[in-house]
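Trainee: According to the working numbering, the residues represented by the sequence shown are 243 to 526, in order.
All C-beta atoms in this analysis are idealised placements derived from N, C-alpha and C, irrespective of residue type, glycine included.
Since this is a predicted model, take the numbers as computed values, not measurements.
One structure, pasted below without further comment.
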Amino acid sequence: MAASTHLIHIDRLERHFAMGANVVRALDGVNLNVEAGDFLMIVGSSGSGKSTLMHLLGLLDQPTAGVLSINGQDAAHCSDAPLSRLRNRHIGFVFQQFNLLGDLTVVENIALPLVYSGVPKAERRARAVASAVSMGLGDRLEHTPAELSGGQLQRVAIARALVNRPDILLADEPTGNLDSVTSGEIMQILYRLHAEGHTLIMVTHDPLLSAQGTRRIRISDGRITEDTPGLRVRSRRARLRSPRRSPAASSRCQPRPPARGSGSPICSASASAKGSWHISCVRR
Ligand SMILES: Nc1ncnc2c1ncn2[C@@H]1O[C@H](COP(=O)(O)OP(=O)(O)OP(=O)(O)O)[C@@H](O)[C@H]1O
Ligand SMILES: [Mg+2]
């Protein structure tokens, strides 16, 4: 397969889940190209496949069939190690439920992805503090999630998503649990990140927000049924984190076993960040 020139290239992507004797075709042949500097708003009714697509884009899950490449690298058929490197390098993920660890402080939560990247402790703290400060959390560094408001929790989650300096930020209903004022504050942060050059892909149920990207993408029954321009222009400052080049031998995609019908997401900082191992690990 020739390397794609798109930041994200998706061709006939499928994700099926076996449910007893039935198969749920959560994604049923998705075709989509995303360019650097895009801000995609993904809309669709409940159960249409939005989160399934986001999990595939975030490399937290693997497709049943089809093509998914990120920055020219195959991401659909990789084994875990090259996939983790690709994820660490390019992708930050923000969840509706924040997914922070209650026993860790703000700084420790933000630093967690750097543990997985093998960054030394002192540098982890310095980068996490800088990321927290950039989200206006400089006076909350040693607080735990229980001591924060909803908007502060989501800002911690965004700071954590950005700490690896990804070029792509994925956000699955990032304002879904917030009141309208706090939701507006979080959106201002996301617009700023876009203007600074990040590529964003966001799921929303809010019709007003859905027009505020560079494109609105509608998913129905696991397929894209609409791809229309939004009010925002593609960010001119968009840059890939590193020049496109052939992957080094160590990071080249190695085939992995095909996806089973129903399975848990691949282990990742956000998906597996539970339990005492992570607490001792982030404090080491
Ligand atoms: N792990 C799973 N096992 C079985 N079925 C699943 C699994 N994950 C998702 N599905 C099914 O896939 C379909 C798409 O789910 P998905 O979570 O992507 O929807 P969504 O568009 O994000 O909905 P919502 O707006 O409610 O968040 C649904 O029918 C759902 O029940
Ligand atoms: Mg969803």
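1) For THR294, is the beta carbon positioned less than 7 Å from some heavy atom of ligand 4?
2) How about SER288: is its Cβ closer than 7 Å to a heavy atom in ligand 1?
3) Taking 7 Å as the cut-off, is the CB of PHE340 close to at least one heavy atom of ligand 1?
4) Taking only runs that begin and end inside the region 334-422, name each unbroken beta strand (DSSP E) of 3 or more residues, in chain order.
5) Given 8 Å as the limit, is there contact between the region 280-300 and the region 445-463, that is, 3 or more CB pairs closer than that?
6) Measuring CA to CA, which of ASN341, LEU346 and TYR358 is closest to SER326?
7) Per the DSSP calculation, ALA260 is bridged to which residue(s)?
8) Below 8 Å CB to CB, which residues in the same chain sit around MET429 once its five sequence neighbours on both sides are set aside?
9) Considering SER311, what are the terminal residues of the alpha helix (DSSP H) in which it resides?
10) Please specify which runs of the beta strand (DSSP E), each continuous and at least 3 residues long, are wholly inside the region 431-485, giving them in chain order.
11) For LEU299 and LEU310, I'd like the C-alpha separation in whole angstroms.
12) From ARG267 to GLU256, what does the alpha carbon distance come to, in whole angstroms?
13) Based on Cα-Cα distance, which residue from GLY286, HIS251 and THR306 lies nearest to ALA260?
14) Whose C-beta lies closer than 7 Å to the C-beta of HIS248 among residues of the same chain, with five residues either side of it excluded?
15) Given a cut-off of 8 Å, decide if GLY314 and ALA364 are closer than it, judged by their beta-carbon atoms.
16) Any contact between the region 436-447 and the region 366-373? By contact I mean 3 or more CB pairs, one from each, below 8 Å.
17) Any heavy atom of ligand 2 closer than 7 Å to the Cβ of ASP414?
18) If GLY271 and ILE461 are in contact, beta carbons under 8 Å, what's the gap, nearest whole angstrom?
19) Closest to TYR433 by CA distance: which of ILE400, LEU395 and ILE459 is it?
20) Would a C-beta distance cut-off of 8 Å place ASN406 and GLY334 closer than the cut-off?
21) Would the beta-carbon of GLY300 be found less than 7 Å away from any heavy atom of ligand 1?
22) Quickly, what does DSSP pair ILE284 with across the bridge? List them, please.
23) When every heavy atom of ligand 1 is checked, does at least one fall within less than 7 Å of the C-beta of ALA268?
24) Does the distance from the C-beta atom of VAL348 to that of LEU383 stay below 8 Å?
Mentor: Result, derived from the coordinates:
1) Questions concerning ligand 4 fall outside what the structure shown contains, since the ligands it does hold are ligand 1 and ligand 2.
2) Here residue 288 is taken as the residue at index 46 of the sequence shown, counted from 1. Result yes, Cβ under 7 Å from ligand 1.
3) Here residue 340 is taken as the residue at index 98 of the sequence shown, counted from 1. No.
4) 410-414
5) yes
6) For the purposes of this step, residue 326 is identified with residue 84 of the sequence shown, where counting begins at 1. Ranking the options by Cα distance to SER326, first place goes to TYR358.
7) Looking up residue 260 in the sequence shown gives position 18. Answer is VAL265.
8) Your numbering for residue 429 matches position 187 in the sequence shown. Contacts found: THR417, LEU451 and GLN454.
9) Residue mapping note: residue 311 aligns to position 69 of the sequence shown, counting from 1. Unbroken run through SER311 is the beta strand (DSSP E), 307-312; no alpha helix (DSSP H).
10) 441-445, 457-462 and 465-471
11) Numbered from its first residue, the sequence shown carries residue 299 at position 57. Numbered from its first residue, the sequence shown carries residue 310 at position 68. The straight-line gap from Cα to Cα measures roughly 8 Å.
12) Within the sequence shown, residue 267 is the residue found at index 25, counting from 1. Within the sequence shown, residue 256 is the residue found at index 14, counting from 1. The alpha-carbon atoms of ARG267 and GLU256 are separated by roughly 7 Å.
13) Along the sequence shown, one-based indexing puts residue 260 at 18. Answer by Cα proximity: THR306.
14) Taking the first residue of the sequence shown as 1, we reach residue 248 at position 6. Same-chain partners within the cutoff: ASN275, VAL276 and GLU277.
15) Along the sequence shown, read from residue 1 onward, the residue named residue 364 stands at position 122. Along the sequence shown, read from residue 1 onward, the residue named residue 314 stands at position 72. Result no, Cβ atoms of ALA364 and GLY314 do not sit closer than 8 Å.
16) no
17) Along the sequence shown, read from residue 1 onward, the residue named residue 414 stands at position 172. Indeed, a heavy atom of ligand 2 lies less than 7 Å from the Cβ.
18) To locate residue 271, count along the sequence shown from 1; it is residue 29. To locate residue 461, count along the sequence shown from 1; it is residue 219. Their Cβ separation, rounded to whole angstroms, is 11 Å, which puts GLY271 and ILE461 out of contact at 8 Å.
19) In the sequence shown, the residue the question calls residue 433 occupies position 191. Out of ILE400, LEU395 and ILE459, ILE400 has the C-alpha closest to the C-alpha of TYR433.
20) Within the sequence shown, residue 406 is the residue found at index 164, counting from 1. Within the sequence shown, residue 334 is the residue found at index 92, counting from 1. In contact: ASN406 and GLY334 (Cβ atoms closer than 8 Å).
21) The residue you call residue 300 lines up with position 58 of the sequence shown. No, ligand 1 has no heavy atom inside 7 Å of this Cβ.
22) Along the sequence shown, one-based indexing puts residue 284 at 42. For ILE284, which the question treats as bridged, DSSP gives the partners VAL445 and ILE459.
23) Sequence index remark: in the sequence shown, residue 268 carries index 26 (1-based). The answer is yes for ALA268.
24) Here residue 348 refers to the residue found at position 106 of the sequence shown. Here residue 383 refers to the residue found at position 141 of the sequence shown. Contact flag set, yes.
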